[in-house]
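Peer 1: With UniProt numbering applied, the sequence shown covers 1 to 571.
Dropping a structure here in structure tokens format, bear with me for questions.
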Amino acid sequence: MNSPTPLAPALPAPTSAPAAGASSDPGGHAPSGTLGLARGSALYVASVLGTGVLALPGLATRVAGPASVLAVALVLVASVPLAGTFAALAARHPDRGGVASAVRAALGPTAARATGYWFYLGVCVGVPVVAVLGAEYVVAVVGADRGVVPVVAVALVVVPAVAVGLGIRVAGAVQLGLTSLLLAAVVVVVAVAAPAASAERFTPFLSEGWSGVGSAVSLFVWAFAGWEVGTHVSADFRDPRRTIPAATGVALVVVGVAYLALQVTTVGVLGAGAGSGTVALLDLARTGAPAAGPVVVGVVAAIVTSGVLTAYLAAFANLGQALARDGDLPRPLAALSGRTGVPRRALAVTLVLSAAYLAVLVATGLDLEPFVRVHTSCMVAVYALGMLAGPAPPPPPHRRLVARRRRDRPHGRPARPRGCVARRPGAPRRRRRLGHARAAPARHALSAPPGRENRPPGPFPATAPSATVDGMPTWTDPGPVEFDAVVIAAGTRSGAFVALPYDAVDLFGTRGRVPVVAEVDDVRYRASLVAYGGPHLLAVLRSVRATTGKGVGDTVHVSVRLAAEVSAVPR
């Protein structure tokens with residue numbers, strides 16, 4: 001679609017205040033916005049699938065028996081609202097601060113600061129834990145001495161750190177490759193072991209009772225954690241409002257199918273013996289391929305560890321930069337790389353913190369339990385505040401309009417829009433269907449509101465009356481008018497209400513409802529200009545949320561012209 005011709009003389013670009021909770025990066029760096037659906041889904045899958053595939057199938061079978069399959073299904077269903085909440089937060093607040101930025105907008109700076117510190121300083125404890133878990137697996141598979149676990153753990157952190165330091169495009173590509181290899185390895189393990197499954201191992205199904213199912217659910221809750229990571233890289237998506245929910249849905253399906261397949265195969269092949277060993281995945285691989293099984297499991301462990309660390313290091317680096325930008329960490333950490341826009345200083349601090357935690361972990365004899373407790377406690381706190389900051393559905397548009405009018409009028413009584421007729425209580429609501437606009441001459445006789453003929457011009461070019469009809473001045477169509485506007489209601493039966501500058505009324509000289517063609521972010525709609533009085537003119541746009549992904553409070557670029565210039569406009 002060709003862009004509308006700008007008015008002459010050219011108008012200065014209007015400025016709009018940033019949305020609540022959002023702040024720009026120093027130096028004018030904008031988010032790179034390079035992640036699409038494939039790479040974004042890979043980041044989500046890697047952050048959620050995690051190291052749980054290495055140990056959880058066997059642990060869940062130990063505590064719940066065959067009913068552990070039911071536990072996986074229950075946790076998968078319960079994860080849908082949690083994943084949806086964080087997807088909505090990420091789409092509504094595409095900022096490097098992630099959950100902290102959403103909490104700042106909803107609950108204030110103190111809660112945001114606490115959320116940021118919990119995630120950046122507390123959840124960061126999980127970096128050496130994940131690295132050591134992967135290193136333990138690799139060392140056990142190759143039969144090396146346990147003393148080399150810290151060295152292998154450091155090596156497993158290097159590749160994700162370099163990938164994140166080179167930019168989100170490189171990190172996303174690396175993550176896509178790692179996730180593809182991980183899923184391929186899981187498919188191979190399930191495929192080679194599934195022929196040995198037996199239905200007899202699923203009886204009795206509730207061998208440990210419902211209490212065992214509850215214990216398995218508590219285990220798998222942490223397997224399905226990681227949805228908050230996407231909020232910290234949401235600013236790196238090309239189209240956060242559309243891509244993030246889609247990537248979340250893809251991750252839900254992939255992770256759910258992977259865990260269900262692994263759990264069913266574990267129970268069907270190993271039965272009660274799945275909980276006797278330390279690594280059920282290794283036992284599955286050896287069952288189907290005794291020679292290549294250990295190699296496959298070692299590859300899976302390395303891939304899982306690298307994928308999780310890539311997702312979390314990117315999240316920690318972005319969060320550190322956002323906290324410094326908002327004044328919660330030293331300002332120098334807010335700097336971004338001039339070429340790639342990567343917060344390398346914040347990434348370096350994250351790596352230093354991880355190295356310090358790893359040193360303490362080695363000094364305590366690689367005892368993971370206290371570190372896991374710190375990690376999970378901080379995660380619960382972050383999840384709690386994130387759910388509290390979850391976006392609520394917008395109020396009905398008529399309530400927003402009444403509240404706005406009461407605030408603007410001195411007596412607090414909402415005035416009826418000019419040209420509207422009061423509806424009798426109990427009468428059916430009538431909906432007006434706009435037909436296709438018909439071709440008409442370029443000259444229109446639109447009545448100007450009384451008393452506005454001599455108003456001083458606003459930011460729009462003034463258009464002088466060219467003729468009079470019944471003593472009222474008329475205007476020639478000035479052509480497309482461009483400006484920024486704010487969506488104040490969306491998803492209504494009428495479409496969306498967008499607040500326009502009041503001087504647009506004077507430009508078109510309108511009173512009441514006038515059919516126009518409006519382009520919102522380059523998407524064309526048939527619309528109506530409605531003079532409601534007060535400081536705003538409202539444009540009723542059809543399906544603005546469905547076609548542009550914009551919601552309440554978002555700023556949109558609007559171009560308006562009279563509808564008679566075109567012969568047909570799509571609904």
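Ideal placement from N, C-alpha and C gives every residue a C-beta, glycine not left out.
Using the rule of at least 16 other Cβ atoms within 10 Å of the residue's Cβ for burial, across every protein chain shown, is G471 buried or exposed?
Peer 2: Note that G471 has pLDDT 43, beneath the 50 cutoff, so the model's placement of it is unreliable and the number below is only indicative. The residue is exposed, with fewer than 16 neighbouring Cβ atoms inside 10 Å.
Peer 1: Looking at the structure shown, is L133 part of a helix, part of a strand, or coil, going by DSSP?
Peer 2: helix
Peer 1: Output yes or no for whether 9 Å exceeds the beta carbon distance between L76 and V255.
Peer 2: yes
Peer 1: Let me make sure I understand the geometry here. Which of R524, H557, V221 has the alpha-carbon closest to that of A78?
Peer 2: V221
Peer 1: Which first and last residues belong to the alpha helix (DSSP H) in which S79 is found?
Peer 2: 68-92
Peer 1: With 16 other CB atoms within 10 Å as the buried threshold, where does R146 fall?
Peer 2: exposed
Peer 1: Tell me where the alpha helix (DSSP H) around F371 begins and ends.
Peer 2: 369-388
Peer 1: In the DSSP assignment, find the unbroken alpha helix (DSSP H) run with R345 in it and report its ends.
Peer 2: 344-363 is the extent of the alpha helix (DSSP H) around R345.
Peer 1: What do you reckon, are the CB atoms on L313 and P160 nearer than 9 Å?
Peer 2: Cβ atoms of L313 and P160: closer than 9 Å.
Peer 1: Taking just the CA atoms, how far does P204 sit from R39?
Peer 2: 42 Å
Peer 1: What are the boundary residues of the alpha helix (DSSP H) that A258 is part of?
Peer 2: Here the alpha helix (DSSP H) through A258 covers 240-270.
Peer 1: Tell me whether the beta-carbon of P66 lies closer than 9 Å to the beta-carbon of V269.
Peer 2: no
Peer 1: Which term fits E200, buried or exposed, when burial requires 16 or more other beta carbons within 10 angstroms of its beta carbon?
Peer 2: exposed
Peer 1: Leaving out the 5 sequence neighbours to the left and right, which residues in its chain are closer than 6 Å to R96 when beta-carbon positions are compared?
Peer 2: A235, N318, Q321, A322
Peer 1: Quick test of your reading: C378 and V123, contact by CB under 8 Å. State the CB separation rounded to the nearest angstrom.
Peer 2: 5 Å
Peer 1: Using a threshold of 9 Å, state whether the C-beta atoms of V342 and G126 are closer than that.
Peer 2: no
Peer 1: Give the straight-line distance between the Cα atoms of L361 and D367, rounded to the nearest whole angstrom.
Peer 2: 7 Å
Peer 1: Helix or strand or just coil, what does DSSP make of S198?
Peer 2: coil
Peer 1: Going along the chain, which residues of its own chain have a beta-carbon closer than 8 Å to the beta-carbon of G107, five neighbours each way excluded?
Peer 2: Strictly speaking, residue 107 in this sequence is Leu, with Gly absent from that position. Once the five neighbours on either side are set aside, the close Cβ partners of L107 are L385, L388, A389.
Peer 1: Cα-Cα, which of V253, D283, A64 is closest to A194?
Peer 2: D283
Peer 1: From the DSSP output, in three-state form, read off T110 for me.
Peer 2: helix
Peer 1: Return the chain-ordered list of same chain residues with a C-beta closer than 7 Å to the C-beta of A261, the five sequence neighbours on each side being excluded.
Peer 2: V190
Peer 1: Classify T287 as buried or exposed, calling it buried when 16 or more other Cβ atoms lie within 10 Å of its own Cβ.
Peer 2: Result: buried.
Peer 1: So for A35, helix, strand or coil by DSSP?
Peer 2: Per the sequence shown, residue 35 should be read as Leu rather than Ala. It is a strand residue.
Peer 1: Does the Cβ of M1 have 16 or more other Cβ atoms within 10 Å, making it buried, or fewer, making it exposed?
Peer 2: Caution applies to M1, whose pLDDT of 41 falls short of 50 and renders its modelled position unreliable; the value that the coordinates give is listed next. M1 is exposed by the Cβ-count criterion.
Peer 1: Assign D484 to one of three DSSP states: helix, strand, or coil.
Peer 2: strand
Peer 1: Let me know if S559 comes out buried or exposed under the rule of 16 or more other beta-carbons within 10 Å of its beta-carbon.
Peer 2: buried
Peer 1: Let's test the definition: count the other Cβ atoms within 10 Å of the Cβ of G28 and tell me whether it reaches 16, buried, or not, exposed.
Peer 2: The pLDDT assigned to G28 is 36, lower than 50, so where the model puts this residue is not dependable, and the model offers no usable value.
Peer 1: I think L182 touches G298, with their Cβ atoms under 8 Å apart; what is that distance to the nearest whole Å?
Peer 2: Cβ atoms of L182 and G298 stay farther apart than 8 Å, at about 13 Å.
Peer 1: Alpha carbon to alpha carbon, how far is G84 from V186? Give it in angstroms, no decimals.
Peer 2: 26 Å
Peer 1: To which residues of the same chain is V138 closer than 7 Å at the C-beta, ignoring the five residues directly before and after it?
Peer 2: The beta carbon of V138 lies closer than 7 Å to those of V152, G298, A301, A302 in the same chain, with the five residues before and after it left out.
Peer 1: So, is A355 buried or exposed, given that buried needs 16 or more other C-beta atoms within 10 angstroms?
Peer 2: exposed
Peer 1: If you follow the alpha helix (DSSP H) that L156 is part of, which residue opens it and which one closes it?
Peer 2: 149-165
Peer 1: Kindly indicate which three-state DSSP category S559 falls into: helix, strand or coil?
Peer 2: strand
Peer 1: Considering only residues of the same chain and omitting the five flanking positions on each side of T248, which have a CB-CB separation below 8 Å?
Peer 2: Y44, A83, G84, F86, A87, W227, G230
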